[in-house]
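Asker: Can you keep this structure in mind? I'll have questions shortly.
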Amino acid sequence: MAASETVTESERLKSLIISTAQELWEDKDALGKFLNVVRRSEGFVALADSLEESPVRPAKPSFYGVKSREFQD
-11 MAASETVTES ERLKSLIIST AQELWEDKDA LGKFLNVVRR SEGFVALADS LEESPVRPAK
49 PSFYGVKSRE FQD
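Number 2 in this note's numbering belongs to position 14 of the sequence shown; there are no gaps in the numbering.
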């Protein structure tokens, strides 16, 4: 049961990270600072790197296969 709770929490965090990156997209300085904080968390380094390297604003979290809809419109 703990493993399924961890997956759910991970999905929620991924959704929050992607949604926040969408909102900060126009302010590259704030986005960079946010993604540097995200990189400090194990398991989210690759996500932060891919968001920073993307030339376009991130899609909704569901596009990336994130199941949580908690932080989506």
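Ideal Cβ positions, reconstructed from N, Cα and C, are used throughout, including at glycine.
(1) Leaving out five residues before and five after PHE32 in sequence, what residues of the same chain have Cβ atoms less than 6 Å from its Cβ?
(2) If we count the other Cβ atoms within 10 Å of its Cβ and call it buried at 16 or more, is SER3 buried or exposed?
(3) Leaving out the 5 sequence neighbours to the left and right, which residues in its chain are closer than 7 Å to THR8 when beta-carbon positions are compared?
(4) Quick check on PRO49: does DSSP put it in helix, strand or coil?
(5) Mapping DSSP to helix, strand and coil, what is LYS72?
Answerer: Straight from the coordinates:
(1) VAL26
(2) buried
(3) PHE22.
(4) It is helical.
(5) Nothing in the structure corresponds to residue 72, since the chain is present only between -11 and 61.
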